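Residue numbers (this note's numbering): 1 to 208.
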């Protein structure tokens, strides 16, 4: 079934040559950059909310969690050792340069899965759904250009989401105190747009 879906998408790629350039750019770098940029959008939104320190703490965790997930993905990658489509299906249309690392799981999908779950845990369901929708188009594009099989994308998203989700409670215990502390310092604007509480302002004035 995995190969069948890949072949169907590959056939679609063959008959849509005008899309090759756009799909290649989206698959290689632009798509994941846009999805990652949604974390920045969520961060900007979070700063204007009452629970900004908690939301920002959860957003801080996303890039860290994605890096950990990528590390786990490399271990899985070498254990599974699945050849790339261009190696297994040389007759198919491959638009992307030949990569010599293994196919499963997709690093792009790991990052996207981590971001989607991270945004959801940061209580930004709207941006999370947008990230998921765009992430699925990136996954489709990765298959379209011949970089991955569908299960590589699905597996990557599951690994990224699993790592970010499971480790989140522990991570927040570390990032939340830091976020709350920074909110009482001159770095407060990085955490929240709300004015500094009167008692904190008085303490700063006393120190001056």
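Glycine included, each C-beta is placed from N, C-alpha and C at the ideal position.
Computed from a predicted model, the values in this text were never measured in an experiment.
Neighbour-count burial assignment, residue i, 16 or more Cβ in a 10 Å radius
i	result
residue 18	exposed
residue 29	exposed
residue 175	buried
residue 190	exposed
residue 169	exposed
residue 50	exposed
residue 39	buried
residue 124	buried
residue 46	buried
residue 149	buried
residue 60	buried
residue 1	exposed
From the options, residue whose alpha carbon lies closest to that of residue i
i	options	result
residue 121	104, 171, 159 and 137	171
residue 34	187, 128 and 72	128
residue 27	79, 7, 53 and 140	140
residue 109	79, 80, 162 and 92	162
Simplified DSSP state of residue i, which is helix, strand or coil
i	result
residue 192	coil
residue 210	Since the first residue of the chain shown is 1 and the last is 208, residue 210 is not available in this structure.
residue 175	helix
residue 185	coil
residue 141	helix
residue 133	helix
residue 47	coil
residue 148	coil
Whole-Å CB distance - residue i paired with residue j, under 8 Å assumed
i	j	result
residue 159	residue 143	Wrong, their Cβ atoms sit about 17 Å apart, outside the cutoff.
residue 42	residue 119	6 Å
residue 192	residue 57	Not a contact, Cβ separation roughly 11 Å.
residue 164	residue 62	7 Å
Entirely within the stretch 69-109 and at least 4 residues each: give me those alpha helix (DSSP H) ranges in chain order. 85-88
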